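K.L.:
In this note's numbering, the protein residues as written are 5 to 706.
1. Count the other C-beta atoms from every protein chain shown that fall within 10 angstroms of the C-beta of residue 99, then say buried if there are 16 or more, exposed otherwise.
2. For residue 211, does the three-state DSSP call read helix, strand or coil?
3. Going by DSSP, name the residue or residues bridged to residue 333.
4. Whose C-alpha, out of 135, 77 and 376, is nearest the C-alpha of residue 60?
5. Starting from residue 664, follow its DSSP beta bridges and name the residues at the other end.
6. Counting C-beta neighbours from all protein chains within 10 Å, is the total for residue 418 16 or more, i.e. buried, or is it exposed?
7. Ends of the alpha helix (DSSP H) at residue 462?
8. Only counting runs of 4 or more residues, tell me where the alpha helix (DSSP H) segments fall wholly within the region 76 to 154, in order along the chain.
9. Do you know offhand how far residue 634's Cα is from residue 664's?
10. Mark residue 348 as exposed unless 16 or more other C-beta atoms lie within 10 angstroms of its C-beta, in which case mark it buried.
11. Taking a contact to mean a Cβ-Cβ separation below 8 Å, would you say residue 534 touches residue 541 in this structure?
12. Is it true that the CB of residue 208 sits closer than 8 Å to the CB of residue 214?
13. Could you tell me which residues DSSP puts in a beta bridge with residue 510?
14. Going by C-alpha distance, which of 39, 65 and 51 is nearest residue 58?
15. For residue 97, which residues of its own chain have a beta-carbon under 8 Å away from its beta-carbon, when the five flanking residues on both sides are left out?
16. Whole angstroms is fine: what's the gap from residue 490's alpha carbon to residue 28's?
17. Is it a yes or a no for the region 370 to 385 touching the region 99 to 114, going by three-plus beta-carbon pairs under 8 Å?
18. With DSSP collapsed to three states, give me the class of residue 407.
19. If I'm right that residue 293 touches residue 324 with Cβ under 8 Å, what's the distance once you round it to whole angstroms?
20. Helix or strand or just coil, what does DSSP make of residue 415?
21. According to the neighbour-count rule (16 or more other Cβ atoms, all chains shown, within 10 Å of its Cβ), is residue 396 buried or exposed?
22. Sort out for me which residues DSSP pairs residue 566 with in a bridge.
23. My guess is that residue 421 and residue 206 are in contact by the Cβ rule of under 8 Å, so how many angstroms apart are they, rounded?
24. What are the boundary residues of the alpha helix (DSSP H) that includes residue 68?
25. Can you give me the Cβ contacts of residue 24 inside the same chain, cut-off strictly under 6 Å, excluding the 5 residues immediately before and after it?
26. Once DSSP output is grouped into helix, strand and coil, what is the label at residue 23?
27. When DSSP builds the beta bridges, which residues end up paired with residue 486?
28. Can you list, in chain order, the residues of its chain with a C-beta nearer than 8 Å to that of residue 637? Leave out the 5 residues immediately preceding and following it.
29. Please classify residue 65: is it buried, with 16 or more other beta-carbons within 10 angstroms of its beta-carbon, or exposed?
30. For the region 450 to 462 against the region 641 to 648, do three or more pairs of beta-carbon atoms, one drawn from each stretch, fall closer than 8 Å, so that the two count as touching?
31. Assign residue 201 to one of three DSSP states: helix, strand, or coil.
32. Touch check for the region 238 to 249 and the region 302 to 316: three-plus C-beta pairs under 8 Å?
33. To the nearest angstrom, report how far apart residue 640 and residue 607 are at their CA atoms.
34. Does the pairing of the region 40 to 47 with the region 383 to 392 give three or more beta-carbon distances under 8 Å?
35. What would DSSP say about residue 170, mapped onto helix, strand or coil?
36. Give the DSSP-derived three-state secondary structure of residue 260 in the structure shown.
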């Protein structure tokens, strides 16, 4: 292995190469790069140690191949140096550094091996809090014993003792020359260990009447047709290995003959996990086309304790237009269902018609980070935390099934598989291949909120049978407590409300200084809302890097009476809808009756400095042509996404608000801040609210 070979000649031969030159510290995984010309040295580092791992040569455009045949490329982004895989997915990320620890030669010195081993966990392990382990105290407990080890075997035992309290199935120590492995967490369940082929043969004999089929000699995916025209797919693992076909290609060939079945049983009982890329491939073929978010991942930033993490990253998918999500799906799980297989379950756990049957899963989600030791040994550890879309971690606890089925030797001996029997019963009890329920009609118009996130809000107004105007009032992700808002026009697709283009705006000004020329509408991202009747909804949003996505579980806060789910008379129908001032683009008002004489008004606008601001308040109508809101309130102090805490959100009154109709589609709007002269606007109606009987002269351009 060459180390830091001279390559400076290339820096002046090609200006492109110079952008990669230098020392780069990895943000994750405890590695660094030394780049001179076209030669790249990969170095494993802790704060005090460094030793070489590999070298390779990159092309003039930053592309390179590794020893395992994979292709990667460099990309400079905002001062970082990222490594992307062949699918342009982020693999590793680096930031420039001035220096690295001195590179060491291999050594078996017990003190050095121990220090590197301990520091590898201290600087990269993600689950100390969950394990309840004081890692600094563990160092004091074990270091002297390790230094006094009289043999490699004794040193191995002391290092194993150090990591034993982590109780993590993904945490291991391997001594290759002796074939020795220590696993911190529980091993596989003895009942399931080595039984996969026997179970699959049992299913083939007693349920299929013929052997399970494969495609392209790929043992990871085996399939057949169960009684009652139900598809069966066994996914043994999500690994990639030399000699295996491309997982996506095999999956396409396997799923094709199952397309017309009444339902699908996916067997994960022997699946220990594998590559996230392959789980995404499966999810994109079983999720609805509108479902773009799967689960949340946090990665430990390499560095000293206390542990710090990168911003939560929501995995974004590109589901294909397929029919599987409309049919019942049953996932069979066992105590050995682990890691990547569990992330699939995270992504489908709130999917209608998806049921989990069997045993609670293993509860180990992180990818394995491999750390090499100076004596040739290596360790694996968990450097990530995974959550469901609503922020729940199932690490250690595992994901519990909807239907708990315990397998016994008696069942197996008699050719019975109770989990398969239960799966068939679940599918038989559900309608065949029906469309998802449609979004409720006019009853969704009104205000919605997530009870766990009191302080944010959603204002929905159905425009017609297929479209809903949506405004989301939230906060900036930078922790400043500033407000933010998004608007979009959602359309019904396959039973869900899809917001293909959520927008925000910038450049506006509050008050009389507004200039139409300064306002710029900015595409933000997309969203999907799935309604559970009139009383609940799940909304998922995916935006730019600063808004990595989030899922909200919504409940109605106020609804327009008399429309769909409501009752009673609709108050002030001529005022209901959305309004704007033609000379002030980028802002507007939504007005929704909430009772016989009550009304809710929300105003998405800007502050005096041009930052997005929103105000909301309740008032009463005066006759059928005017309304008064004594106080419009501004909320502030909270943060977008996972950092949101309801107790951080506070509010203040900014002034009184009133509207007076001049015609059905024109109105005079007045806002009076305390102690100031009123601001007056001549507004026009932008949209009606579907289901309200407006006077005949209302002709707003919806």
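Just so you know, even glycine gets a beta-carbon here, dropped at the ideal spot from N, CA and C. Computed from a prediction, not measured in an experiment: that's the story for all the values here.
P.N.:
According to the structure data:
1. The residue is exposed, with fewer than 16 neighbouring Cβ atoms inside 10 Å.
2. Residue 211 falls in the helix class under three-state DSSP.
3. Residue pairing from DSSP places residue 333 in a beta bridge opposite 268 and 358.
4. Per the Cα distances, 77.
5. 630 and 672
6. Its Cβ having fewer than 16 others within 10 Å, residue 418 is exposed.
7. From DSSP, residue 462 is part of no alpha helix (DSSP H) but of the beta strand (DSSP E) over 461 to 466.
8. 114 to 126, 132 to 135 and 139 to 151
9. Residue 634 and residue 664 have their alpha carbons spaced roughly 15 Å apart.
10. buried
11. yes
12. yes
13. 524
14. 39
15. 30, 31, 32, 84, 85, 86 and 87
16. 37 Å
17. yes
18. strand
19. 7 Å
20. helix
21. exposed
22. In DSSP, residue 566 forms no bridge with anything.
23. 6 Å
24. Per DSSP, residue 68 belongs to no alpha helix (DSSP H); it is in the beta strand (DSSP E), 67 to 69.
25. 39 and 78
26. coil
27. Partner(s): none; residue 486 has no beta bridge.
28. Setting aside the 5 residues that flank it on each side, residue 637 is surrounded in the same chain by 619, 620, 621, 655, 656, 657 and 658, each with a C-beta closer than 8 Å to its C-beta; the list follows chain order.
29. exposed
30. yes
31. helix
32. no
33. 15 Å
34. no
35. Helix, per DSSP.
36. Note: residue 260 maps to helix in three-state DSSP.
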